[in-house]
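Residue numbers (the numbering used here), protein chains in the order written: chain U, 1 to 266; chain H, 1 to 371.
Backbone N, C-alpha and C define an ideal beta-carbon position, used for all residues, glycine too.
Note that the structure is predicted; figures quoted are calculated from it, not measured.
Report on the following structure.
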Amino acid sequence: MHAVVCIKSVPDTTEVRINPETNTLMRSEVESVINPFDTYAIEEAIRLKEAHGGKVTVITMGPPKAEKELKEAVAMGCDEAVFLCAREFAGADTWCTAYTLAQAIRKLGDYDVVLCGRQAVDGDTGQVGPGIANQLGIPQLTYVSKLRAMDPEAGTIEVERLVEEGREIVASRLPALLTVVKDINQPRYPTFRGIRAARRMEIPQWGAADLPGADAAFLGLDGSPTKVMKVFAPPKREGKVELIDGDSVDGMADLLSDRLLQDKVI
Amino acid sequence: MAGSVVAVNDNCTACGACIPECPVEALSLPEAKAAATDVSSYSGVWVWVEQFQGRAASISWEMMGQGRILADRLGTTLTACVLGEDVEGVAKEAIAFGADRVFLADHPTLCTYRTDPYSQILVDLVREHRPAIFLLGASTRGRDLAGSVATPLYTGLTADCTGLEIDPETGLLQQTRPAFGGNIMATILTPNHRPQMATVRHRVFEMPAPDPSRQGQIVPVPVHLVEDEIVTKVIDFVIEEGDVNLADARVIVSGGRGVGGPEGFEPLRELAQVLGGAVGASRSAVDAGWIPYAHQVGQTGRTVRPDLYIACGISGAIQHRAGMSTSRVIVVVNKDPEAPIFEIATYGIVGDVKDVVPALTTQFRKKLAGQ
Numbered sequence: 001m002h003a004v005v006c007i008k009s010v011p012d013t014t015e016v017r018i019n020p021e022t023n024t025l026m027r028s029e030v031e032s033v034i035n036p037f038d039t040y041a042i043e044e045a046i047r048l049k050e051a052h053g054g055k056v057t058v059i060t061m062g063p064p065k066a067e068k069e070l071k072e073a074v075a076m077g078c079d080e081a082v083f084l085c086a087r088e089f090a091g092a093d094t095w096c097t098a099y100t101l102a103q104a105i106r107k108l109g110d111y112d113v114v115l116c117g118r119q120a121v122d123g124d125t126g127q128v129g130p131g132i133a134n135q136l137g138i139p140q141l142t143y144v145s146k147l148r149a150m151d152p153e154a155g156t157i158e159v160e161r162l163v164e165e166g167r168e169i170v171a172s173r174l175p176a177l178l179t180v181v182k183d184i185n186q187p188r189y190p191t192f193r194g195i196r197a198a199r200r201m202e203i204p205q206w207g208a209a210d211l212p213g214a215d216a217a218f219l220g221l222d223g224s225p226t227k228v229m230k231v232f233a234p235p236k237r238e239g240k241v242e243l244i245d246g247d248s249v250d251g252m253a254d255l256l257s258d259r260l261l262q263d264k265v266i
Numbered sequence: 001m002a003g004s005v006v007a008v009n010d011n012c013t014a015c016g017a018c019i020p021e022c023p024v025e026a027l028s029l030p031e032a033k034a035a036a037t038d039v040s041s042y043s044g045v046w047v048w049v050e051q052f053q054g055r056a057a058s059i060s061w062e063m064m065g066q067g068r069i070l071a072d073r074l075g076t077t078l079t080a081c082v083l084g085e086d087v088e089g090v091a092k093e094a095i096a097f098g099a100d101r102v103f104l105a106d107h108p109t110l111c112t113y114r115t116d117p118y119s120q121i122l123v124d125l126v127r128e129h130r131p132a133i134f135l136l137g138a139s140t141r142g143r144d145l146a147g148s149v150a151t152p153l154y155t156g157l158t159a160d161c162t163g164l165e166i167d168p169e170t171g172l173l174q175q176t177r178p179a180f181g182g183n184i185m186a187t188i189l190t191p192n193h194r195p196q197m198a199t200v201r202h203r204v205f206e207m208p209a210p211d212p213s214r215q216g217q218i219v220p221v222p223v224h225l226v227e228d229e230i231v232t233k234v235i236d237f238v239i240e241e242g243d244v245n246l247a248d249a250r251v252i253v254s255g256g257r258g259v260g261g262p263e264g265f266e267p268l269r270e271l272a273q274v275l276g277g278a279v280g281a282s283r284s285a286v287d288a289g290w291i292p293y294a295h296q297v298g299q300t301g302r303t304v305r306p307d308l309y310i311a312c313g314i315s316g317a318i319q320h321r322a323g324m325s326t327s328r329v330i331v332v333v334n335k336d337p338e339a340p341i342f343e344i345a346t347y348g349i350v351g352d353v354k355d356v357v358p359a360l361t362t363q364f365r366k367k368l369a370g371q
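In structure tokens, the structure reads:
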């Protein structure tokens, strides 16, 4: 069984800055971490390896310092890592990111399952997973909250998906791409053995030339169909809190309920 | 022709008409960038109308309302795409909600939403009819579908928009969306590819009033899907009780650490029931196992935008605020007057959730009974 996990290095804080020249994000000043949703994808992949044997390969595309996140994934238990890091990839939107990751997964060859987090907490799009599945021509199972069964021999998989109205139970064929939500598991901490393995590991770094199937026209900022026109701070919430005061709880509840009925929010 | 081999000369316009003619399916078109950049040949605004068990999702009508505004501004038509089984009723509703034309794909394979058959139908429709703008609701299904439609079309897709406008000079769709948990807003364009695709969050746009007397055209779409060729099967669906559908809720009563335990959510459920709302939770309440993850509001849960958000015993970590700070009215009930959530509150009560919430329930039960 071969599971491939796609992760993203994201800033460890919601305080980020914008480069006013290029309108792109300046990430260099903030400490980075593995996108929290991706840690669930890593955990699920490691559990699949424990159940079925085989290996887990972790991939990321990002700036040079994102190698730290790959090492952490290895410390958690991933066996191999691939680092897509090159100037040609920079500035990619979700279309180009999915394209580039799909090219790398294709180069890895035989895989049974690709796992991603539901979305990244910085960009918040949740589009790269479906994009990869579509590029690879494999089924996608998004918002997975439970992996009910997987049989790599028979090539079958059954999952629960979390949708607005409840839970949908879906069966599909392998290879498939899953995006997972937080409910699916509790990610483990890196082990000492894992940390040592990660420290020793030489992670291969791939550029555009290492992706034989990749068309340069579909890479990076130039290949991206979307362009950022401007970036700005969100409008501040107006007004100040009105504290409801009163001698008794019932009095305060009376006052507040009147206010909300007047505001016509109920 | 040279011998039995077809040669393509400069007269080829990459129209694709030859592809189905080939007896051995030997012809294909690359996803030519040149074809995508001919933006002038694309016109009209499209909306995908999501349905679940034959009922349209309210988010789709919100999209239709905004789609109508954009279409009028561009002086073009609004088209709804309705996919499902026995959903002609939804198609008629789409006209009442503003569609000039409805593409109706009615087929047993489309009964329940699945990525592959739905994206296949929509990709084919886009290729044939070339819309300039294509909008989808940012529901789980909409976000699942949008990426797999935009990918084969090689076009731009902007997720989870909170604003859509037309640039008066260029006619381009200005797509504004939050990122970094709402700390940054970005306006995004798709200048050279079509359609300009966007998904929009729940309750961003006003629900339009339907006009049953509106006239429009329903165009049946021939569906050639074969069930055996679709690898993904929906085998069951577990519908959660009424208080978990946070996305559509007009009122959300949400609890955090301050509710004290799993039983602490009981009074919140009662209040939510009286107000016809849903129950939300902070991450710490979910992580403590007091309530299932489906209820979680915030960066790693759901982003919500109700008319009224009542935060009970929630301190208001930035990750929680990212998921609810655009609610219209925010009520905070918290023992701690220094809790950061008061910073974004409309109304606040400093007090114990255990006393205040039941008192609110009593008041509303009394005052709403007469309505």
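Please report the residue range of the beta strand (DSSP E) in which H/Ser254 lies.
-> Against the second sequence, residue 254 of chain H aligns to sequence position 254. Per DSSP, H/Ser254 belongs to the beta strand (DSSP E) from Val251 to Gly255.
Which chain U residues sit within Cβ distance under 7 Å of H/Leu275?
-> Within the second sequence, the letter at position 275 stands for residue 275 of chain H. Those within 7 Å of H/Leu275 in chain U are Ile266.
Can you pull the chain H residues whose beta carbon is under 8 Å from the beta carbon of U/Thr94, in chain order?
-> For the purposes of this step, residue 94 of chain U is identified with residue 94 of the first sequence, where counting begins at 1. The contacting residues are Gly147, Leu157 and Ala159.
At a cut of 8 Å, does the region 240 to 248 of chain U reach the region 341 to 348 of chain H through at least three beta carbon pairs?
-> yes
U/Ala51 versus U/Asn134: straight-line alpha-carbon distance, rounded | For the purposes of this step, residue 51 of chain U is taken as residue 51 along the first sequence, with counting starting at 1. For the purposes of this step, residue 134 of chain U is taken as residue 134 along the first sequence, with counting starting at 1. U/Ala51 and U/Asn134: Cα-Cα distance of roughly 27 Å.
Cβ-Cβ distance between U/Lys146 and U/Tyr40 below 8 Å = Indexing the first sequence from 1 puts residue 146 of chain U at position 146. Indexing the first sequence from 1 puts residue 40 of chain U at position 40. Cβ atoms of U/Lys146 and U/Tyr40: not closer than 8 Å.
Could you please tell me which residues of the region 182 to 202 of chain U, in chain order, have their CB closer than 9 Å to any CB of chain H?
-> Lys182 and Asp183
Any contact of the region 323 to 330 of chain H with the region 261 to 278 of chain H, i.e. 3+ C-beta pairs under 8 Å?
-> no
Given that a residue counts as buried once 16 or more other Cβ atoms are within 10 Å of its Cβ, and exposed if not, what is U/Pro175?
-> Here residue 175 of chain U corresponds to residue number 175 of the first sequence, with the count starting at 1. Buried, by the Cβ-count rule.
Three-state secondary structure assigned by DSSP to H/Arg365 | As a position in the second sequence, residue 365 of chain H is number 365, starting the count at 1. DSSP places H/Arg365 in helix when its eight states are reduced to three.
Under 8 Å between beta-carbons, which chain U residues line up against H/Val356? List them in chain order, please.
-> In the second sequence, the residue the question calls residue 356 of chain H occupies position 356. Within 8 Å Cβ-Cβ: Val249, Met252 and Ala253.
Taking U/Phe218 as the reference, which of U/Asp79, U/Ala92 and U/Ser9 has the closest Cα?
-> Numbered from 1 along the first sequence, position 218 holds the residue referred to as residue 218 of chain U. The option with the nearest alpha carbon to U/Phe218 is U/Ala92.
Taking buried to mean at least 16 other C-beta atoms within 10 Å of its own C-beta, is H/Tyr113 buried or exposed?
-> For this step, residue 113 of chain H is matched to residue 113 along the second sequence. Buried, since its Cβ has 16 or more Cβ neighbours within 10 Å.
Decide if U/Ser224 is buried, meaning its Cβ has at least 16 other Cβ atoms within 10 Å, or exposed.
-> The count along the first sequence starts at 1 and reaches residue 224 of chain U at position 224. It counts as buried.
In or out: H/Gly276 buried (at least 16 other Cβ within 10 Å) or exposed?
-> Here residue 276 of chain H refers to the residue found at position 276 of the second sequence. That one is exposed.
Closer than 8 Å by beta-carbon distance: list the chain U residues that pair up with H/Leu360, in chain order.
-> By 1-based counting over the second sequence, the position of residue 360 of chain H is 360. The contacting residues are Ala253, Leu256 and Ser257.
Should H/Ala80 and H/Val47 be called a contact, given that it needs their Cβ atoms to be closer than 8 Å?
-> As a working note, residue 80 of chain H is residue 80 in the second sequence. As a working note, residue 47 of chain H is residue 47 in the second sequence. Against a cut-off of 8 Å, the Cβ pair of H/Val47 and H/Ala80 comes out as a contact.
Might you give, ordered along the chain, the residues of its own chain that have their beta carbon closer than 7 Å to the beta carbon of H/Thr162, omitting 5 neighbours on each side?
-> Numbered from 1 along the second sequence, position 162 holds the residue referred to as residue 162 of chain H. Counting only Cβ-Cβ distances below 7 Å, and skipping sequence neighbours, we find Thr176, Arg177, Pro178, Arg201 and Val204.
Mind listing the chain H neighbours of U/Phe232? Cutoff is C-beta to C-beta under 7 Å, in chain order.
-> Within the first sequence, numbered from 1, the residue matching residue 232 of chain U stands at position 232. Under the 7 Å cutoff, chain H gives Met185.
Which same chain residues, not among the five before or five after H/Thr187, have their C-beta less than 6 Å away from its C-beta?
-> Working through the second sequence from its first residue, we reach residue 187 of chain H at position 187. Result list for H/Thr187: Gln174 and Thr176, in chain order.
Beta bridge counterpart(s) of U/Leu243 as assigned by DSSP = Indexing the first sequence from 1 puts residue 243 of chain U at position 243. In the DSSP output, where bridge partners are listed per residue, U/Leu243 has H/Gly348.
Taking H/Asp160 as part of the alpha helix (DSSP H), name the residues at either end of that continuous run.
-> Counted from its first residue, the second sequence places residue 160 of chain H at position 160. Per DSSP, H/Asp160 belongs to no alpha helix (DSSP H); it is in the beta strand (DSSP E), Leu157 to Cys161.
Under a three-way DSSP split, which group does H/Thr176 fall into?
-> Translated into the one-based positions of the second sequence, residue 176 of chain H becomes position 176. Strand.
Is the region 122 to 137 of chain U close to the region 158 to 166 of chain U, with three or more CB pairs under 8 Å?
-> no
Of all the residues that make up the region 178 to 205 of chain H, which are near chain U by a beta-carbon distance shorter than 8 Å?
-> Pro178, Ala179, Phe180, Gly181, Gly182, Asn183, Ile184, Met185, Ala186, Thr187, Ile188, Leu189, Thr190, Pro191, Asn192 and His193
Which residue comes first and which comes last in the alpha helix (DSSP H) that contains H/Ile291?
-> Locating residue 291 of chain H in the second sequence gives position 291, counting from the first residue. Looking at the DSSP string, H/Ile291 is not in any alpha helix (DSSP H), and its letter there is neither H nor E.
Quick one: give me the first and last residue of the alpha helix (DSSP H) that H/Gln66 is part of.
-> Here residue 66 of chain H refers to the residue found at position 66 when the second sequence is read from its first residue. Unbroken alpha helix (DSSP H) run through H/Gln66: Ser58 to Leu74.
Look at the alpha carbon of H/Met207 and the alpha carbon of H/Met64, and state the distance between them as a whole number of angstroms.
-> As a working note, residue 207 of chain H is residue 207 in the second sequence. As a working note, residue 64 of chain H is residue 64 in the second sequence. Taking the straight line joining both Cα atoms gives about 9 Å.
Checking contacts by CB at 8 Å: is U/Ala171 closer than that to chain H?
-> For the purposes of this step, residue 171 of chain U is taken as the residue at position 171 of the first sequence. Yes - at least one Cβ of chain H is within 8 Å of the one on U/Ala171.
Since U/Glu80 sits in a beta bridge, which residues does DSSP pair it with?
-> Within the first sequence, the letter at position 80 stands for residue 80 of chain U. DSSP, once it has assigned bridges, lists U/Thr57 as partnering U/Glu80.
According to a CB-to-CB cut-off of less than 7 Å, which residues of the region 268 to 294 of chain H neighbour chain U?
-> Leu275, Tyr293 and Ala294
Euclidean distance between Cα positions of U/Glu153 and H/Thr151 = By one-based count along the first sequence, residue 153 of chain U stands at place 153. By one-based count along the second sequence, residue 151 of chain H stands at place 151. If you take the alpha carbons of U/Glu153 and H/Thr151, they lie about 30 Å apart.
Compute the distance between the beta-carbons of H/Val286 and H/Tyr293, then report whether it is under 8 Å.
-> Reading the second sequence from its first residue, position 286 is the one you call residue 286 of chain H. Reading the second sequence from its first residue, position 293 is the one you call residue 293 of chain H. Contact: yes.
Between U/Val30 and U/Ser9, what straight-line distance do the alpha-carbon atoms span, to the nearest angstrom?
-> Position 30 of the first sequence, counted from the first residue, corresponds to residue 30 of chain U. Position 9 of the first sequence, counted from the first residue, corresponds to residue 9 of chain U. Cα-Cα distance, rounded: 11 Å.
Hey, is H/Lys233's beta-carbon within less than 8 Å of any beta-carbon in chain U?
-> Stepping through the second sequence from its first residue, residue 233 of chain H is reached at position 233. Yes, contact with chain U.
beta-carbon U/Arg199 near the ligand SAH non-hydrogen atom, thresh 7 Å = The ligand SAH is not among the ligands present in this structure, which contains no ligands whatsoever.
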